[in-house]
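Chains as they are written, first to last, in my numbering: chain A, 609 to 840; chain B, 609 to 840. C-beta atoms are modelled at their ideal positions from N, C-alpha and C, and glycine is treated no differently. Bear in mind the structure is a predicted one, so any value in this text is a computation, not a measurement.
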């Protein structure tokens, strides 16, 4: 193991010395101290991407929402809970980042006024929970002064996968988007995934496979696109 | 182990032959196929109670929300997701139940109109999510025609623990209530717990200890109260 570790250290990988920031997992948006809005992301895909990037020599910062996963060896993990905390952690780690991969399922909205004490059941049968738009992390990254050379996003869609993914790619000034079909038990929480990957003028399908395998293929593709962009 | 198993089978415990229904964990209330309202319950306390009851010879049905825990050996586990599903599973298992322990952190409210496709971010900065009151499981159990002889509830409170617990005990016609302080990282998700237990004319404090230890003390107390009630 020490030999493998050293040989990996000594071999220059295609991402050696490159700083990569990866977000993973869900965000939790508090309603009160015990309740929150969540989503079905398990973090497995983002963690697999972190491992695959470390394998190619990258210096990986993994910014993770609440998940029950071990950090892949060799990456720097920062745990956060809310979309706002994820936004702040990403912005603080943007300087010198070559590749940004936004794999987290960030909540679009948060409760506007989270309560500091547990809310009691009201006398009313119907309630209305006020929600406020969260900051859009990937748009902020793609428009930052210190914009990473590659900005990669994810789209998890239940319908019209290609249409939404290509729209999101352009609208958010990403370099590449990886889209997956969710709902009916697909992708979220599962060990397998399948991806449709789009970039300006290109498309690649990755058929269903274990997430680590899919992650290695995606990181390889991102690395190719990164070197292609930098050799122009 | 086979010997221990047999000797446990042959020894009549104080709950031998008694049917106990225990609810555990959070409920998830869908907003759309990928988003939901959740709470911080890990299910550890309810699962510890199921184990402690099996140890005393009970026939345990554990009705559990989504958690990452193994079912304790010897109990019949039913996995559910929403409060409505938990309500239905409890009602279907009430006949012949001697003791009901409602340990789950059931969501009081659910989104009124869960969407069948993933909701897109709207143009609005502010949204309002309509919520509808969920059925109150323990009140339904305590008022059922086939009411279990002991109905035990939990109260997780951030403030005024004793006041809310004693109010809930009477208001919901429970026989016993176990209250714990939550918030600031206490109880939810932790391996330790501390309980304040109230019944009509009685009170007992269980100081902080591992959840399985607390569970054994609570099951012993419930068993005493059960036999006291049945010997009148």
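| request: Can you give me the Cβ contacts of residue 885/A inside the same chain, cut-off strictly under 7 Å, excluding the 5 residues immediately before and after it? | output: No statement about residue 885/A is possible, as the shown extent of chain A runs from 609 to 840 and does not include it.
| What residue range is occupied by the uninterrupted beta strand (DSSP E) comprising residue 812/A? | Residue mapping note: residue 812/A aligns to position 204 of the first chain, counting from 1. 810 to 818 is the span of the beta strand (DSSP E), which, as asked, contains residue 812/A.
| message | Less than 9 Å between CB atoms is the rule here; does residue 818/B satisfy it with respect to chain A? | response | In the second chain, counting from the first residue as 1, residue 818/B sits at position 210. No, residue 818/B does not count as interfacial toward chain A.
| Along chain A, which residues have their Cβ under 8 Å away from the Cβ of residue 676/B? | Here the question's residue 676/B lines up with position 68 in the second chain. Result: 676.
| How would you write the range of the beta strand (DSSP E) that residue 667/B sits in, first residue to last? | To locate residue 667/B, count along the second chain from 1; it is residue 59. Counting along the chain, the beta strand (DSSP E) containing residue 667/B begins and ends at 667 to 672.
| field | Helix, strand or coil at residue 653/A according to DSSP, with G and I counted as helix | value | As a first step, residue 653/A is located in the first chain; it is residue number 45 there, counting from the start. Three-state result, residue 653/A: helix.
| query | Between the stretch 701 to 709 of chain B and the stretch 735 to 755 of chain B, do at least 3 Cβ pairs fall closer than 8 Å? | reply | Yes: the two stretches touch, three or more of their Cβ pairs being nearer than 8 Å.
| Residues from the stretch 727 to 749 of chain B in contact with chain A, defined by Cβ distance under 9 Å | 727, 728, 729, 730, 732, 733, 734, 735, 736, 737, 738, 739, 740, 741 and 744
| field | Cβ of residue 811/A within 9 Å of any chain B Cβ | value | Mapped onto the first chain, residue 811/A falls at position 203. Between residue 811/A and chain B, the shortest Cβ-Cβ separation is not below 9 Å.
| said: Check for me: the beta strand (DSSP E) holding residue 749/B runs from which residue to which? | reply: As a first step, residue 749/B is located in the second chain; it is residue number 141 there, counting from the start. Run containing residue 749/B: none in the beta strand (DSSP E); it sits in the alpha helix (DSSP H), 745 to 750.
| query | Starting from residue 782/A and walking both ways along the beta strand (DSSP E), at which residues does that stretch end? | reply | Locating residue 782/A in the first chain gives position 174, counting from the first residue. For residue 782/A, there is no enclosing beta strand (DSSP E), since its DSSP letter is neither H nor E.
| task | Determine the DSSP secondary structure at residue 763/A, reduced to helix, strand or coil. | result | Sequence index remark: in the first chain, residue 763/A carries index 155 (1-based). Residue state, collapsed to three classes: strand.
| task | Would you mind giving the Cβ-Cβ distance between residue 833/A and residue 733/B, rounded to the nearest angstrom? I have them listed as a contact below 8 Å. | result | For the purposes of this step, residue 833/A is identified with residue 225 of the first chain, where counting begins at 1. For the purposes of this step, residue 733/B is identified with residue 125 of the second chain, where counting begins at 1. No, residue 833/A and residue 733/B are not in contact; Cβ-Cβ is about 34 Å, not under 8 Å.
| Tell me the DSSP bridge mates of residue 685/A? | Counting from one through the first chain, the residue named residue 685/A turns up at place 77. Answer by DSSP bridge pairing, in chain order: 670/A.
| task | May I ask you to verify whether the stretch 634 to 645 of chain B touches the stretch 717 to 733 of chain B, counting CB pairs closer than 8 Å and requiring at least 3? | result | Contact between the stretch 634 to 645 of chain B and the stretch 717 to 733 of chain B is present: three or more C-beta pairs spanning the two stretches fall below 8 Å.
| query | Counting along the chain, where does the beta strand (DSSP E) carrying residue 646/A start and finish? | reply | What you label residue 646/A is simply residue 38 of the first chain in a count that begins at 1. 643 to 647 is the extent of the beta strand (DSSP E) around residue 646/A.
| How long is the line joining the alpha carbons of residue 788/A and residue 800/A, rounded to whole angstroms? | Looking up residue 788/A in the first chain gives position 180. Looking up residue 800/A in the first chain gives position 192. For residue 788/A and residue 800/A, the distance between alpha carbons rounds to 11 Å.
| message | Within 9 Å of any Cβ in chain B, is that where the Cβ of residue 645/A sits? | response | For the purposes of this step, residue 645/A is taken as the residue at position 37 of the first chain. With respect to chain B, the C-beta atom of residue 645/A has a partner C-beta closer than 9 Å.
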